[in-house]
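Numbering (my numbering), first residue to last: 1487 to 1594.
Positions of the beta carbon are idealized from the N, C-alpha and C atoms, including for glycine.
I have placed the structure first, in the form of structure tokens, so that the comments after it can refer back to it.
Structure representation (structure tokens):
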């Protein structure tokens, strides 16, 4: 009987830990606004030979990113897909951070 009780306690502890982690992940997944700012910062840091591209990004960057982005919410993470400046990028937002998935693809 004691063995069953210990097994039950271990199972309950594991389930509570998983539930707590899921709640923390759900609450801390980054917003679309934070994502847009993050992408703009990453794209702006990229050197470009065309000075007008840099000017366009500083003036219209947030809007271009916002219009070119789709977000899918999976409860504990968000998947962002953005098409900007001829490239498509996929990023996972989790625990307040962004993780790029692979290298940017060229949009045809």
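*Would you report the Cα separation of residue 1549 and residue 1522, rounded to the nearest angstrom?*
9 Å
*Would you say residue 1558 and residue 1565 are within 7 Å of each other, going by their C-beta atoms?*
yes
*DSSP beta-bridge partners of residue 1574*: 1569, 1591
*asked:* By DSSP's criteria, residue 1557 is part of a beta bridge. Which residues make up the other side?
replied: 1566
*Buried or exposed: where does residue 1493 fall if 16 or more other Cβ atoms within 10 Å of its Cβ makes it buried?*
exposed
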